[in-house]
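Notes for the one structure printed next.
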Amino acid sequence: MRFVHAADIHLDSPLQNLALQDEGQAARVRRACRDAFESMVRFCIDRRGSFLVLAGDLYDGDNTNMQTAYFLRQQLARLDKAGIRVVILKGNHDAQNRITGTLGMPDNTWVFDDKKPQTISFDDLQVAFHGQSFRPGPVPENLAARYPKPIAGWLNIGVLHTSLAGSDQHDPYAPCRLEDLTTHGYAYWALGHIHKGSVLAKAPWVVYSGNIQGRDIRETGPKGCYLVETDGDRVLSAEHIAFDVIRWHQADVDLTGATHEEDMADRIRASLREAHQEAGDRPCIVRLRLTGQTELHSRIGAFPNRLRDTVLGIAADIALDEIWLEKIRNETQPAHQRAKNDNNDSTSDLLRIIHEVAQDVDLIGPALKDALKDLRMKLPEELKQLPALELIDNPALARDFLMRLEPRIAARLNGEDVQ
Amino acid sequence: MKFTRLHLLAYGQFTNYNLTFGDTAGFHVIYGPNEAGKSTTLHALTSVLYGYSSDFQDDFLHGPADVAVAIELLNEDGKKLSFTRKRRGRNALVSDTGTPLNDDAILSFLGGVSRTSFTQVFALDHQRLRQYAHDLLEEGGDLGLSLAAAGAGIAHLNGILEKLGAAREDIFGLRASKRKLNALIKELTGLKQLRRERVVSPKRFKEFQQKIDELAAELEETRNRQKNTDAEIRRLERIQRNLPLRTKYATYEQDLKALKDIPILPSEAKEIRIRAQTECRRAEETLRSINQDIASLKQQISEITVDERLLAARARIEKLAKWRPVIEKQQDDLPRREAQYNEHLKEARNLLKRAELPGEPENLPNILISDVKRKELHRLIQEGRSLGVKLESATQQVREAEDSLKRAKTRLAEVPELQDTSALAQVLEDVNRLGDIEKDIATKENTYIRESNALRQTIIGLGIPSGEIERLRTLPVPPTETIEQFADELKDIDAKSRTVSETISRIREEIRKTDAEIARIKIAGAIPSEEDLRKARENRDTAWGLVRRVYVERQTGLDEAIKAIAPDGRLLESYEKLVAQADQIADTIRRHVKEVTQMSLLEQEKAQRTQELQEALQQEKDLAQKKSDLLEKWKALWPDDMTVHSPAGMREWLERRSQALTEAGELEALHDELNVLRTGESNAVEVLTATLQAFGEQPEGDSLEGLRMQARRVLQRTTEIKEARTQLMAEIRQQSTNKTKAEGLVKQLEAQKGDWMGKWQAALTAAKLQPDLSIEAVEVILEIMSKLDLKANDIASVKQRIDAMEKDWNDFRDEVAKLADLAPDVSMENPIAACREIERRLEQAKAADTQRTQLSERLETQEKAKQEEEDKVRKNKAILDTLCEQAGCKDPDKLAEIEAKSEKKRTAEQQCEEMKARMLEGGDGLDLAALFDECDTANAAEISDKIQELKAESENLTRKSNDLSRQLGALESNLKTLLGENQAAESLQDAKNIEAQIVELVEEYVDLTFEEIVLRQAIELFRQRNQDPILALAGTLFSELTNGVYTGLQADLDDNHKPILLAQHRDRGSLGVKALSDGTVDPLYLALRLAAIEVYNSKHEPMPFIADDLLLTFDDDRARATLKILSRIAEKGQVLFFTHHTHMVDLAKTSVPTELLKVHILAAPNVAAAAE
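Protein chains in written order, with the numbering used here: chain A, 318 to 736; chain B, -14 to 1157.
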C-alpha cells in the first residue's frame, strides 16, 4: 500500500514581492498554488495511492472565499472518483476559517475532530489515522501526548499540526518534543505547519512534508509532498515529490577579486545556470545576492539599472522567459579600503561633506520628512510602513542609505549618467 | 607636495623619457608643439598617481604588459617618495628599491586627494574653463552651487539636481495621476475593489444555497401533481381510443359463428386455381398450331433439287472466277503496249542518225560509249577550255604593262627639281615658340590700363584726392593694436551707456508706477500726509509758545508774532483752532493709517527713485563725456586731412588700404611683363626677314604674323614637289616588273596546251570517234548518248510487259478447258464466256442447298415445342385435382364459390385478433379483460370534456414546473460559475504584484530624494564654510584678472532668500552673474577656482596645479595677470603649465619671477628632456 502525505497547501495564497510586469509571467503566477495542488491530485490518482493525508493549513486563515473551498471539493471529488480516501486535519489557519464547513466534503473525506483526539480507522486496509484538528485560537498544549494508543498489528499513522519545540520563524503551536512522537508507537507521523520539508526521524518515521508551492524568497527549493510506501504495519520508505510550478531560488554570487564586468557576468551566468538546472522544467524566481570584496563594488552601486539589464540578458540567454528576477541585493564590499582622511574641513571634496550631512540627524531629518511626507500620505494604509520609509521617522538610517548610494552619488558628481 | 621628476619608462610614444622638475623652482612651463606628447604626459601623471584607467588608450607603442611610468614626489616636510607603476593587477606599484608598495602610501602623500578631485580641482584646461563658466552662468549665480562647482571642481551641479528632481517627478507627484507610482496606487485600489466584488463569502454562499433548496422543494411538489393529472388523462384517452375497437370485435365474433363448417383454404388457393385453368387452355391451343407447321415444312423440303457435282468443284470454279477479270483486262491492254514499243524504236533510230553513229536501235548497248570514257572526255574538254582562257588573259597583261610604263616616264620628265629648306624651317620653329605674342601684348596692355584706373579710383575713395599710390603708401596710420584698444573701450562705453539707459527707463517706469499709486490713494480720499501733521503740530506748538509767552510769562512786544498766527489778533481762538486742526489731522491719519503708511512709503520710494534717476542721468552724462573725449583722442591719431570714422570703420579702411597697396604691387609686375614681351616680338621680325631673303624670297611686309605665314607657304610648296617625284619613280619600277612577269606566263601556258592536244586525240580514238573532232562536236555526241541511254531503258521495259501478258492468256485457257466435263453443253471456244457460264451454274446450286438446310432446322424446332406444350397440359390438370380435394368437391368449377366463403371466415378471425391486439397495445399494460371491462362500464358521452379539462390543468403545471426548473438551473449555474472561477484569488495575486512594483518604486523614489537632499545640504554647508575665505580671495583675484574693472565679489540673498554671488563693478556697482558678459564669466570662474586652491593649499599639504593651455582665449593683459596669480601659487606649491604656443612661453618669461620659472621643451620621443 502507499499513501501521500502533504500539508500547508495554503490554497489561493498569493506569491509575494513579485513586481511582475510581464503579463505572461503574471498569468503563470496567478494559478501557481492551484496548479501545484492539481498536479499532486493527479499524482495520487496515477500512482494509485490509497490515501491522501493533509496535515493542516489548507487555506490562509483570512481567506473567506468560497471559490477556494469549491476548488478543494472538486479536487477531493476527483480522488473520490478514483477510490482514494482523504484524511484532513485542520491546522491553525483552517481552524479560524469557515469556508470548508460551509460547503461540505465528498464521501471519501474524513476530518479530525477538534475537541479531542480521534482515531479514523479503515478495517479493509487495517490502517488507523490518529489526530486532532486545531480549534480557533492558540494551542499551547502538547496535543500529541493525548493521542490514542496504536492498534496492534495495524498500520498506525499520527497526523499532527505542530511547531515542535524550538522551530523558529513560526509561532509555537501544539508544541512537543521529537521524542514524544518517536516513542508513541505509531509507524509514521505526518506533520504539518513547518513549510520546509524534512524527514526528522526514520524509526519510526517523523516527516514534515513542507508546503507544495513556495510563496516568497524565504521558501526556496523544491516543494511538494511525501509518497509513503508501506508493507503491513511497517513503513518502507518516504520519498519527496516536487509539485511546485514555480521555484524560488536564492543565488549567492561571490565577486571577490572580480575586476572586470565580464568576470562578474561569468560568475552570475554560472549561478543562474545552476538555478535553472535545479528548477528543472519550471520557471525559477531568483533573488541575486552579490557579495565579496571587488573593484566592481562602486560600479555596481552606481549603475543598478545597467546591472539589472545585464542580469536579465544573461537569464534570457540561458533560458528565455524561464528565469525571473525577484531582486538584486548588492552586498559587495570595496576591494580595499582607502586610507581614512582626517581633513574633514576639506574644501575639495563635496562627498566628504555629504558624509557629514548624512550623519547630522538634525540637519537632514526635517528635510527628508518634508520631502517624503506627500508620498507617505498618498500610499495605501498597508504600505505606509514600508522599510524604505522608515527613513522619515529614523533619520539615523541616512548613514546606511549613504553607504549604499554613495557610488551612485559619486558617479553623478563625476558627470556620469547613472540612469 | 611637488613632482620632482617624471620618468616615462614606456608610455605612449615615449620610451625612457625624463622630465626633471627639481626641488626648488615652482613654475614649470612645459612647451610642446602639437603631437609632441603633451596630452600623453598629462595622462601619464594621473596614471602613475592613481592607476591606469580601464579606457586607457596610450599603449599604442608599448604592449600593455610593458607600460610603466616612474615618479618622484616631495612633500612639505622634505620627505621624498619615488616609485614606478606598471600596468598589471597585482604589485603594480614598486618602490625604487624594488619592494611592492600599496596605493595608500601614495594617497597619504597626496593628502588624501582622490583621483576625481585631482583631475577636477587641481587640473584645468581652457575647454573645461569655458564649460564651467557656462554652467556658472546657467546656475544664475547660486552661491552654494558656484562655490561647490569651483571649489570641488564639479561641473553641472545644477544639472545633477535638476535631473534628480526630474527623476523623482517622473515617479511620483501629489496631485499627478499619470506618474508611475500614482498610476500604480490607483491600479492597486482598483484591484482591491475588484477582489472584494469577486469574493464569494460563506454568507453569500449560504443565501444562494437556501434559495436553491426552496426552489427545489416547490419544483418537486408541482411535478407530483402533474404526474397524477397526466395519468388520468392517459386513462380517459385510452377508453376513448378503445371503445370503437370493442364494438367491431363484437360484430366479427357474430360472423365466425355463421361460417363454422367452411374449411379455411390457403389464401393463395384462388390465384393457383385461376392460373392452372388459364395455362391449360393456352397450351392446348398452341399444340394445334404447331402440328400444322410441321406438315407444311416437310412438304417444302421434298420439293428442292441440287447439282452436287458443281458444289464438289466449287473451289476450282471460284478460283477461276477471280482470275477471269484480270485476263479480260490484259486482253484489252495488249494492242496499246505493242504500239508503244514500236514508237520507242523509231525515236532511237533518229538519235543515232543525229550523232552520225552506225548500227540499229535494237543493238543500242553495243553502240553507246562506256561511262568511264565519257567522264575522261568531259575532263579533257574542261581542261582544254581553261588553258585557252588563261593564255588569252596573260597576253592581255603584257600589253597593259607596256602602256603604263610609257605614261609614267613621260610625267616624270615634267616635274621640277628639289631645294634645301632646313634653315628656314629652324627659324620658323624658333619664332613659333613665342606663341601669339601680339595678342598677349594687347590683352596685358588693356588690363594694365583698366586696373591702373581702378586703383586710382580706390585711392581717391580712400581719401587721397591725387589718387597717387605713393601718397597712400607713406600716409602715417596708427598700429592695429591701438585701434583694437579704442574699439574695445568704445564698445565698453556703449555697453555701459545701454545699461545706464535701460536703468533710467526702468527707474522712470518705477517712478511712474509710484506716482500712479500715490494718485490712486489720493483719489480714494484726501488724506493728510505725515508732513501735513508735522506742519500742523509745528503751528500748534508755535501758537502754544506764544500763548505761554503772552499769558503766562507776560512778555510784551509780540504783536508781529501774534499777527502771524492770528491775523485778527485773537490768539487764543487761533491756538484752539490750531489744536483742533492738528488733532483732526492726527485723527484722520489714524483712521487711514494703512493708506497713510502706504503713502508715506510710496513717497519715500519715489524720493529714492528720483535720487537714483539723478545718479543714473549723471552717469549717462559722464559716459557721453567719456565717449566724446575718447573720440577726440581717436581722431588725433589720424592725419588731419583724413575723414576719420569709428574704429570699426577705420579697421575696414586699413584693410582696404592694405588691399590697395597689394594691388599696386601687382600692377607694377604686370608692366614689367609687358616690356619683356615687346622686345621678344621685334627680335623675331628681324631674324625672319633675313632668312626669307637668304632663301630668295622677297619679304611681304614687316608684320610678324605676315612673315610667319610667308615662311610657312614656302615650306609647304617644297614638301609637295618632293612627294610627287617619289610617287612617279615608284610607279615606273612597278610597271617594269609587271611586264616581265606576264611574258613568262604566256610561254608556260603555250607548252601546257601542246601536252593537252596529245591526250585529247588518244581519248577520241579510244572512244571509237574521229580523232580530229572538236571539243564542241564531242560535247554534242555525248549529249545525244545521254538521251539514248534513257531510250534503251524504255524499249526493254515495254518488251518485257508484252511477253508476260501472252503467257497469262495461255495458262487461263488451259484451266478453263479442264472444266469442260462439268458442263458438256458449253463451248470452250471462248474461254472467258465459258468460264462465265460455269460460274452462274455454281451460284444456282449454292442457293438451293442453303434453302433446304434452313427448312430442316425449322422443322426440328417445331418438334421440340410440341413436346413442351403437351407437358404443360398434364401438369395443370394435376393441380386442379389437388385443389378439388382440399375444398371437398370433385368439380373444379365449384371451387370459386367455396373459396369466397373461406375468405370471409378468415377475415373475421383476423379482425377479432387485430382489435384485441390494438386494445392491448394502447392498454398501458392492462389485460384484455380489464380493458373490455373499462370500455363496457365507461360513460362515453363525458370522456371528451373531461380530457380537455385535465389537459388544461396539466399545461398549467408544466409551465410552472419549467419556470421553476429554469430558475433553479440559473441559480445553480450562477453559484457554480461563481465558485468555479478563480478571479478573487487572481485579483489578490495581481494586487500583490502591483504592491511589489509600488515597493520598488517607493524605494527608488526615496533613494532619489535622499540623494537630492544630501547633495543640496552639502552644497549649502560647503558654501557656509568656504564663503568667507574663498569669496574674499576670489574677489581679489577677480579684480586682478579684470584689471580692476571689477573690485571684488560679494555674497547676498535673492528674493527667495537664497544666497547668490554678486560681482562688484568699479562703476556700475553690484552685478548679478547673469548681468556679466561671457568674457567676464571665464575669469570669474577662474578666480573662484584659484581661490579655492589657494585656500586648500594654505591649510593642507599643497597640491600641484596643472594648467593645460588654459589661457588660450585670454588677451595678453589678462594672461599676464593670470600668470602672476599662478606664480603666487607656485611660491608655496607647484604649477605645471602645459602649452603649445611659444607666445605663452614668452609671456611667462616676462611675468613669472625668474627664480620660480623653469621651461621644459617636450622634444621628439626618445630624446632626453632639454631644459632651458
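Glycine included, each C-beta is placed from N, C-alpha and C at the ideal position.
Note that this is a predicted model, so its numbers are computed, not measured.
Pairwise C-alpha distance: residue j and residue i
i: His47 of chain B; j: Gln(-2) of chain B; result: 8 angstroms
i: Val523 of chain A; j: Thr419 of chain A; result: 32 angstroms
i: Leu775 of chain B; j: Arg359 of chain B; result: 16 angstroms
i: Lys148 of chain B; j: His141 of chain B; result: 10 angstroms
i: Met627 of chain B; j: Gly446 of chain B; result: 11 angstroms
i: Ala893 of chain B; j: Thr207 of chain B; result: 48 angstroms
i: Val1137 of chain B; j: Phe1090 of chain B; result: 15 angstroms
i: Ile928 of chain B; j: Glu940 of chain B; result: 19 angstroms
i: Glu605 of chain B; j: Glu474 of chain B; result: 16 angstroms
i: His410 of chain A; j: Glu355 of chain A; result: 21 angstroms
i: Ala1148 of chain B; j: Arg1113 of chain B; result: 28 angstroms
Cβ neighbours of residue i in the same chain (closer than 8 angstroms, five flanking residues each side left out)
i: Ser367 of chain A; result: Met318, Arg319, Phe320, Ile401, Arg402, Leu442, Val444
i: Leu700 of chain B; result: Thr406, Leu409, Ala410, Leu413
i: Leu353 of chain B; result: Met770, Leu773, Asp774, Ala777
i: Glu368 of chain B; result: Trp741
Interface partners of residue i on chain B, CB under 9 angstroms
i: Gln333 of chain A; result: Lys977, Glu980, Ala981
i: Pro697 of chain A; result: Ile170, Leu173, Thr174, Lys177, Glu980, Ile983
i: Ile681 of chain A; result: Phe995, Ile998, Val999, Gln1002
Residues that residue i contacts on chain B, provided the C-beta gap is smaller than 8 angstroms
i: Asp431 of chain A; result: The premise fails here: Asp431 of chain A is roughly 18 angstroms from chain B at the closest Cβ pair, so nothing lies under 8 angstroms.
i: Ile416 of chain A; result: Pro187
First and last residue of the uninterrupted beta strand (DSSP E) at residue i
i: Leu1047 of chain B; result: 1044 to 1050
i: Asp1037 of chain B; result: 1031 to 1038
i: Tyr433 of chain B; result: Per DSSP, Tyr433 of chain B belongs to no beta strand (DSSP E); it is in the alpha helix (DSSP H), 422 to 446.
i: Gly743 of chain B; result: Taken as a continuous stretch (DSSP letters only), Gly743 of chain B belongs to no beta strand (DSSP E), being part of the alpha helix (DSSP H) at 689 to 751.
i: Leu508 of chain A; result: 505 to 509
Neighbouring residues, chain A, relative to residue i (Cβ below 7 angstroms)
i: Thr101 of chain B; result: Asn731
i: Leu159 of chain B; result: Asp691, Lys695
i: Lys191 of chain B; result: Thr419
Residues that residue i contacts on chain A, provided the C-beta gap is smaller than 9 angstroms
i: Thr628 of chain B; result: Neighbours of Thr628 of chain B on chain A: none; closest Cβ ~55 angstroms, over 9 angstroms.
Run of the alpha helix (DSSP H) containing residue i, from where it starts to where it stops
i: Asp497 of chain A; result: 495 to 499
i: His363 of chain B; result: 356 to 397
i: Leu295 of chain B; result: 293 to 297
Beta-carbon proximity list for residue i, same chain, < 7 angstroms, skipping 5 on both sides
i: Leu1022 of chain B; result: Ala1072, Leu1075, Ala1076, Ile1110
i: Asp662 of chain A; result: Here Asp662 of chain A scores only 35 on pLDDT, less than 50, and its place in the model is too uncertain to base an answer on.
i: Thr203 of chain B; result: According to the sequence as given, residue 203 of chain B is Glu; it is not Thr. Answer for Glu203 of chain B: Leu949, listed in chain order.
Cut-off 6 angstroms between Cβ atoms - residues of its own chain near residue i, not counting five sequence neighbours on either side
i: Glu855 of chain B; result: none
i: Pro467 of chain A; result: Asn473, Gly502, Tyr503
i: Val588 of chain B; result: The sequence shown places Glu at residue 588 of chain B, not Val. Excluding positions up to five away in sequence, the list is empty.
Contact list for residue i against chain B, beta-carbon separation under 7 angstroms
i: Arg625 of chain A; result: Here the premise fails: no neighbours, minimum Cβ distance about 11 angstroms.
Q) Quick check: the region 81 to 98 of chain B against the region 1027 to 1040 of chain B, are there 3 or more CB pairs under 8 angstroms? A) No, the region 81 to 98 of chain B is not in contact with the region 1027 to 1040 of chain B.
(Q) Quick check: the region 874 to 889 of chain B against the region 240 to 259 of chain B, are at least 3 beta-carbon pairs closer than 8 angstroms? (A) Using a Cβ-Cβ distance cut-off of 8 angstroms, the region 240 to 259 of chain B and the region 874 to 889 of chain B are in contact, since at least three pairs of beta carbons, one from each stretch, lie closer than that value.
Q: Decide yes or no for the touch test of the region 641 to 652 of chain A against the region 600 to 608 of chain A: beta carbon pairs closer than 8 angstroms, at least 3 of them.
A: Enough Cβ pairs lie closer than 8 angstroms, so yes.
Q. Do three or more CB pairs link the region 707 to 715 of chain A to the region 26 to 40 of chain B at distances below 8 angstroms?
A. Touching, no.
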